[in-house]
Amino acid sequence: MTATENSLTNPAIVLEPPAGSRRRPRKSKHRPAWEEPPTVGGAIAKFAALALVVLAVLGPLYTIVLTSLSPQSVISEAGGMVLVPGEITFAAYQQLLDGGVVFRSVVVSIGVTAVGTLISTVVSVLAAFGLSRTDSFLHRPILFVFLITMFFGAGLIPTYLWVSQLGLIDSYWALILPGAISAFNVLILRNFFMGIDASITDAARIDGAGDWRVLGSIVLPMSRAVVAVVALFYGVGYWNAFFNAMLYLRDSAKWPLQMVLRAYVLRGQPPQGTTGTVIELGAGGAVPSLAAKMAVMVLALVPILIVYPFVQRHFTKGVIFGAIKG
Numbered sequence: 001m002t003a004t005e006n007s008l009t010n011p012a013i014v015l016e017p018p019a020g021s022r023r024r025p026r027k028s029k030h031r032p033a034w035e036e037p038p039t040v041g042g043a044i045a046k047f048a049a050l051a052l053v054v055l056a057v058l059g060p061l062y063t064i065v066l067t068s069l070s071p072q073s074v075i076s077e078a079g080g081m082v083l084v085p086g087e088i089t090f091a092a093y094q095q096l097l098d099g100g101v102v103f104r105s106v107v108v109s110i111g112v113t114a115v116g117t118l119i120s121t122v123v124s125v126l127a128a129f130g131l132s133r134t135d136s137f138l139h140r141p142i143l144f145v146f147l148i149t150m151f152f153g154a155g156l157i158p159t160y161l162w163v164s165q166l167g168l169i170d171s172y173w174a175l176i177l178p179g180a181i182s183a184f185n186v187l188i189l190r191n192f193f194m195g196i197d198a199s200i201t202d203a204a205r206i207d208g209a210g211d212w213r214v215l216g217s218i219v220l221p222m223s224r225a226v227v228a229v230v231a232l233f234y235g236v237g238y239w240n241a242f243f244n245a246m247l248y249l250r251d252s253a254k255w256p257l258q259m260v261l262r263a264y265v266l267r268g269q270p271p272q273g274t275t276g277t278v279i280e281l282g283a284g285g286a287v288p289s290l291a292a293k294m295a296v297m298v299l300a301l302v303p304i305l306i307v308y309p310f311v312q313r314h315f316t317k318g319v320i321f322g323a324i325k326g
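Counted from 1, the sequence shown has number 185 at position 185 by the UniProt record's numbering; the numbering is strictly sequential.
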């Protein structure tokens, strides 16, 4: 049967134009519009839109990084934010990381993010695995409670009183435990777990595997993508969180980086100690204030920029599939 005959019997088949012909392939009525080759005008509009998005994202970041690397003379000559590269210096970063409140806050943020992400991911995986088993004890009431928390919260004052009664005020645990689990992330994990072929887990149970063995040897290895994405969600949340620190931490020496960033950049003044004294940013000499502000912002951005590319490739499989399945 020739290609022409095939195209007549199957309308989805589109004939390729002969060699040397400039005719565009005919649109198929059975092919989605987004799979059609773009027109010249569409390609230009797409390029312009993407270029604007890239400029909107990278433009401010370029200015912030360049200003943080500029000495005071270049900043004064530019009248503020530096747009044209000039003399480069790392004095701001050297002073910020040479002791002082910024260095301590970076260590606190790294520790809270690492411990909080580990606890939240483990708790969420265990909760999602239990809820994915429809024959588990009190499956439906517990799932209903999870869904309720997505629409109704306890409120700020009850939460503060609860944290205070537990003795977590001025403790790092106050930054982790109140938000240790997210119902949204648990539901994403649960839906992904329920999408795993039941015949695989049934075969393991017939061979004598228990729940822990099924979770550790079958479910988790098949769910690395969604677990990595949920861990990224938790990690970004802990790294950028400052509200819990503002509520529960009295000692400014325990502040995470985002609180220092808020105090120094948004309020335009260095953070103050518990006695009202101004805390030194670092142990070095004088640093241009604007360069120091931009350097603190860069330090707050770098860890997320480093981690994100390694997890980004799991987003489609981890989030979209996990949200649709089930």
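Every residue, glycine too, gets a C-beta built ideally from N, C-alpha and C.
All values reported here derive from a predicted model rather than from experimental measurement.
Practice task
Would you tell me roughly how many angstroms separate the C-alpha atoms of Ala56 and Gly42, rounded to the nearest one?
Solution key: Looking at the backbone, the Cα of Ala56 and that of Gly42 are separated by about 21 angstroms.
Practice task
Starting from Tyr234, follow the alpha helix (DSSP H) in both directions and report where the run begins and ends.
Solution key: That run of the alpha helix (DSSP H) goes 224-240.
Problem - Continuous alpha helix (DSSP H) stretch holding Arg262: start and end - result: According to the DSSP assignment, Arg262 belongs to no alpha helix (DSSP H), since it is labelled neither H nor E.
Problem - Whole-angstrom distance between Thr134 and Arg140, CA atom to CA atom - result: Going from the Cα of Arg140 to the Cα of Thr134 covers about 8 angstroms.
Exercise for the section: Examine the Cβ distances between the stretch 220-232 and the stretch 190-204 and report whether three or more of them are shorter than 8 angstroms. Expected result: These segments touch.
Practice task
Give the straight-line distance between the Cα atoms of Gln94 and Val106, rounded to the nearest whole angstrom.
Solution key: Rounded to whole angstroms, the separation of the alpha carbons of Val106 and Gln94 is 14 angstroms.
Exercise for the section: Please state whether DSSP places Phe243 in a helix, a strand or coil. Expected result: If DSSP states are grouped into helix, strand and coil, Phe243 belongs with the helices.
Handout entry: Exposure label - Tyr264; buried when at least 16 CB within 10 Å
Key = Under this definition Tyr264 is a buried residue.
Exercise for the section: Confirm, please, whether the CB-CB distance from Thr89 to Pro60 is below 7 angstroms. Expected result: Taking 7 angstroms as the cut-off, the Cβ atoms of Pro60 and Thr89 do not count as close.
Handout entry: Chain-order list of residues whose beta-carbon lies under 7 angstroms from that of Thr274 (same chain, five-residue window excluded)
Key = Per-residue confidence for Thr274 stands at a pLDDT of 45, beneath the threshold of 50, marking its modelled position as unreliable; the derived number appears in the next sentence. Around Thr274: Arg250, Asp251, Ser252.
Practice task
Taking all protein chains shown into account, decide if Ile188 is buried (16 or more other Cβ within 10 angstroms of its Cβ) or exposed.
Solution key: Under this definition Ile188 is a buried residue.
Problem - C-beta atoms of Thr149 and Ala183 nearer than 7 angstroms - result: Yes; because the gap between Cβ atoms is below 7 angstroms, this pair is in contact.
Exercise for the section: Keeping to the same chain, check which residues put their C-beta closer than 8 angstroms to that of Val108; ignore five residues upstream and five downstream. Expected result: Excluding positions up to five away in sequence, the list reads Tyr172, Lys254, Trp255, Pro256, Leu257.
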